[in-house]
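Numbers in the numbering used here are just positions in the sequence shown, counted from 1, shifted up by 482. Don't be surprised by glycine CBs; every beta carbon is placed ideally from N, CA and C. Quick caveat, the model's predicted, so the values are computed rather than measured. Okay, so here's the structure we're looking at.
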Amino acid sequence: MGKVAVGVAVGVAVVACAVAGMVVGRRVGSRRKWKRVVRVLKELEEACETPVGRLRQVVDAMVVEMHAGLASEGGSKLKMLLTFVDHLPTGSEIGTYYALDLGGTNFRVLRIQLGGRRSSILSQDVERRPIPQHLMTSTSEDLFDFIASTLKQFVEKEESGSEPSPVRTRELGFTFSFPVKQSSLRSGILMKWTKGFAIEDMVGKEVVELLEAALVRSGLDMRAALLVNDTVGTLALGRYHDADTVAAVIIGTGTNACYLERADAIIKCQGLLTSSGYMVVNMEWGNFWSSHLPRTSYDIDLDSESPNPNHQGFEKMISGMYLGDIVRRVILRISLESDIFGPVSSRLSIPFILQTPLVAAMHEDDSPELKEVAKILKETLGISEVSLKVRKLAVRICDVVTRRAARLAAAGIVGILKKIGRDGSGGITGGRSKSDVKMRRTVVAIEGGLYTSYAIFRQHLHGALSEILGEDVAQHVVLQVTEDGSGIGGALLAASYSSILQRG
Ligand code: ADP
Ligand code: MG
483 MGKVAVGVAV GVAVVACAVA GMVVGRRVGS RRKWKRVVRV LKELEEACET PVGRLRQVVD
543 AMVVEMHAGL ASEGGSKLKM LLTFVDHLPT GSEIGTYYAL DLGGTNFRVL RIQLGGRRSS
603 ILSQDVERRP IPQHLMTSTS EDLFDFIAST LKQFVEKEES GSEPSPVRTR ELGFTFSFPV
663 KQSSLRSGIL MKWTKGFAIE DMVGKEVVEL LEAALVRSGL DMRAALLVND TVGTLALGRY
723 HDADTVAAVI IGTGTNACYL ERADAIIKCQ GLLTSSGYMV VNMEWGNFWS SHLPRTSYDI
783 DLDSESPNPN HQGFEKMISG MYLGDIVRRV ILRISLESDI FGPVSSRLSI PFILQTPLVA
843 AMHEDDSPEL KEVAKILKET LGISEVSLKV RKLAVRICDV VTRRAARLAA AGIVGILKKI
903 GRDGSGGITG GRSKSDVKMR RTVVAIEGGL YTSYAIFRQH LHGALSEILG EDVAQHVVLQ
963 VTEDGSGIGG ALLAASYSSI LQRG
């Protein structure tokens, strides 16, 4: 071998050593990076843990807060609002009724024809209309004139060609899903706006009066028979289909629940007289709080950056408005601590850029290569070209956040069941074993896009319900999806109360 050849050989060996060294160095670096990632993930998992013991603590805290909210005004973060609904539909309702459902980005007008038997909705027409953005921050007169004119067009369209309607004034149920302090079935003042509405002149005003003034201005012969919250509408529709329905839960953009309570248990209204002995209570459970809730640093940041810090704590861990943003915050943190997601994408810092339906789509991606995950990471979060291992990590984060949400919602439901003695313990803790107690069939009406459209969320919720209650009790508890209950239920209640008034 000549000198030159030796030189080349040595050079190659040096380069080979250097490359090998770099590979080893990169491997060590990458291992260190993954260690950091695993640490962040582990911290998240531990902070979000919801073993059944902890869920039972949440159940008990919910029961305690329900008692406190019923005992005195402001006695708890649970407002436990009176609804004045003391009768739920029985099936005997008959005739044509209308409803107006105002609760978010859309509002709906509905008309139903009832046949006088349980579950006998002979016809049902619904019209959905987006609320023009400028009306959400305009004046109450503008908003209600728009609503009244839409309603008038709907009524005229529905009634054209059909028999002229009987002389009686048309009855309308008004579902209004904002916090309202009610003083009777058809009167209540708006306490505050949520969900992007900000019509200042309306806060503190009687909601039904504003609607009726607009109905008069539009020349429509229609009377608002009652004012209800969307959870109450859901309960009414649930009850119309199934007499064992005792509560309703909404898990959509926000979350809330209502249930049927004994009037004498509503201590803050001593002497409250209802002919049935019961009243539906709107819990406003989104605002529930307990130190037993598994809170993470991501929740704390989300809350402090929200327009309503220290409010809606339960909702911020559970509902569709927030889950996506919790997942975004975790991915951002991992991205800042390691480069497994590539260079830190500026999109990760945009609040609410990752919406919950996308979390569901990543979570439910069953393609072997996780193509949907890759697509969402790229198109929504600006994270491209990540390995399968990293895509799996993203799915894991979705699961941790969703699982906690679903299991906490389950604990909330059991809280209601426990409060009304339907959790199999006979209303008392301890004592008899659950299997000794004859459990009554118990139905909870449930609605909202998070529950109805996200199968894994539903599975986690059902799993937790069985764990907390035990299989033998859980088999008697039915979660029944009601569709469009918030609106239809309003019309059903208008029908129900109209027949009560007619009977005198
Ligand atoms: P709202 O609560 O506004 O009355 P919905 O009950 O229809 O409306 O719920 C809509 C919410 O449900 C959305 O804001 C979203 O958070 C959630 N959602 C809708 N579709 C899905 C989905 N496929 N996966 C997960 N969440 C969903
Ligand atoms: Mg709704």
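Problem - With 16 other Cβ atoms within 10 Å as the buried cut-off, status of Asn790 - result: Here residue 790 refers to the residue found at position 308 of the sequence shown. Flag for Asn790 reads exposed.
Problem - Where Asp607 sits in the DSSP three-state scheme - result: Counting from 1 along the sequence shown, the entry for residue 607 is found at position 125. Strand, per DSSP.
Practice task
Could you tell me if Ser978 is buried or exposed, where buried requires 16 or more neighbouring beta carbons within 10 angstroms of its beta carbon?
Solution key: The count along the sequence shown starts at 1 and reaches residue 978 at position 496. Under this definition Ser978 is a buried residue.
Problem - Contact check, Leu719 vs Ile982, beta carbons under 8 Å - result: Taking the first residue of the sequence shown as 1, we reach residue 719 at position 237. Taking the first residue of the sequence shown as 1, we reach residue 982 at position 500. Not closer than 8 Å, so no.
Handout entry: Simplified DSSP assignment, three categories, for Pro839
Key = Reading the sequence shown from its first residue, position 357 is the one you call residue 839. Correct three-state label for Pro839: helix.
Handout entry: Close beta carbons around Ser831, own chain, < 7 Å, minus the five adjacent residues each side
Key = Position 349 of the sequence shown, counted from the start, is the residue given in the question as residue 831. Within the same chain, Ser831 has close Cβ partners Leu814.
Exercise for the section: With a threshold of 16 other CB atoms inside 10 Å of the CB of Asp821, please say whether the residue is buried or exposed. Expected result: Position 339 of the sequence shown holds residue 821. Counting Cβ neighbours within 10 Å, Asp821 comes out exposed, since fewer than 16 surround it.
Handout entry: Delimiting residues of the alpha helix (DSSP H) encompassing Met803
Key = Position 321 of the sequence shown holds residue 803. Element bounds for Met803: Gly802 to Glu819.
Practice task
Identify the continuous beta strand (DSSP E) that holds Ile671 and give its terminal residues.
Solution key: For the purposes of this step, residue 671 is taken as residue 189 along the sequence shown, with counting starting at 1. Here the beta strand (DSSP E) through Ile671 covers Ser669 to Leu672.
Handout entry: Under 8 Å between C-beta atoms of Tyr760 and Leu784
Key = In the sequence shown, the residue the question calls residue 760 occupies position 278. In the sequence shown, the residue the question calls residue 784 occupies position 302. Cβ distance not < 8 Å, so Tyr760 and Leu784 don't count as in contact.
Practice task
May I have the straight-line CA-CA distance separating Gly806 from Asp703, to the nearest angstrom?
Solution key: Counted from its first residue, the sequence shown places residue 806 at position 324. Counted from its first residue, the sequence shown places residue 703 at position 221. Cα to Cα, the separation comes out at about 45 Å.
Problem - 8 Å Cβ cutoff met for Lys750 and Ser554 - result: Counting from 1 along the sequence shown, the entry for residue 750 is found at position 268. Counting from 1 along the sequence shown, the entry for residue 554 is found at position 72. Cβ distance < 8 Å, so Lys750 and Ser554 count as in contact.
Practice task
Could you tell me the distance, in whole angstroms, from the CA atom of Ile603 to the CA atom of Gly597?
Solution key: To locate residue 603, count along the sequence shown from 1; it is residue 121. To locate residue 597, count along the sequence shown from 1; it is residue 115. If I take the Cα positions, the gap works out to 6 Å.
Exercise for the section: Mind checking which residues open and close the beta strand (DSSP E) that includes Asp627? Expected result: Translated into positions along the sequence shown, residue 627 becomes position 145. Counting along the chain, Asp627 falls outside any beta strand (DSSP E), though it belongs to the alpha helix (DSSP H) covering Ser622 to Glu641.
Practice task
Answer yes if the region 650-667 comes into contact with the region 560-579, meaning at least three C-beta pairs across the two stretches below 8 Å, and no otherwise.
Solution key: yes
Problem - 8 Å Cβ cutoff met for Tyr696 and Ala747 - result: Here the question's residue 696 lines up with position 214 in the sequence shown. Here the question's residue 747 lines up with position 265 in the sequence shown. The question names Tyr, yet the displayed sequence has Ala at residue 696. No. Outside cutoff.
Handout entry: Which of helix, strand or coil DSSP assigns to Lys561
Key = In the sequence shown, counting from the first residue as 1, residue 561 sits at position 79. Lys561 falls in the coil class under three-state DSSP.
Exercise for the section: Pull up the distance between the alpha-carbon of Phe636 and that of Arg593, whole angstroms please. Expected result: As a working mapping, residue 636 is identified with position 154 in the sequence shown. As a working mapping, residue 593 is identified with position 111 in the sequence shown. Near 9 Å, if we compare the C-alpha coordinates of Arg593 and Phe636.
Problem - Contact the region 732-739 vs the region 528-536: 3+ CB pairs below 8 Å - result: no
Handout entry: Met765 vs Ala887 beta-carbon contact at 8 Å
Key = Numbered from its first residue, the sequence shown carries residue 765 at position 283. Numbered from its first residue, the sequence shown carries residue 887 at position 405. Not in contact: Met765 and Ala887 (Cβ atoms no closer than 8 Å).
Practice task
Between the Cα of Asn769 and those of Thr727, Leu836 and Thr676, spot the shortest distance and give me the residue it belongs to.
Solution key: Position 287 of the sequence shown, counted from the first residue, corresponds to residue 769. Among Thr727, Leu836 and Thr676, the Cα nearest to that of Asn769 is on Thr676.
Exercise for the section: Would you kindly report the start and end of the unbroken alpha helix (DSSP H) that includes Met548? Expected result: Position 66 of the sequence shown, counted from the start, is the residue given in the question as residue 548. From DSSP, the alpha helix (DSSP H) with Met548 extends over Val534 to Ala553.
Exercise for the section: May I ask you to report which of helix, strand or coil DSSP gives Leu852? Expected result: Against the sequence shown, residue 852 aligns to sequence position 370. Reduced to three states, the DSSP call for Leu852 is coil.
Exercise for the section: Ignore the nearest five residues each way along the sequence and tell me which others in Arg940's own chain have a CB closer than 7 Å to its CB. Expected result: As a working note, residue 940 is residue 458 in the sequence shown. Taken in chain order, the residues that qualify are Tyr933.
Problem - Gly597, enclosing alpha helix (DSSP H) - first and last residue - result: Here residue 597 refers to the residue found at position 115 of the sequence shown. That residue, Gly597, is in no alpha helix (DSSP H); its beta strand (DSSP E) goes Asn588 to Gly597.
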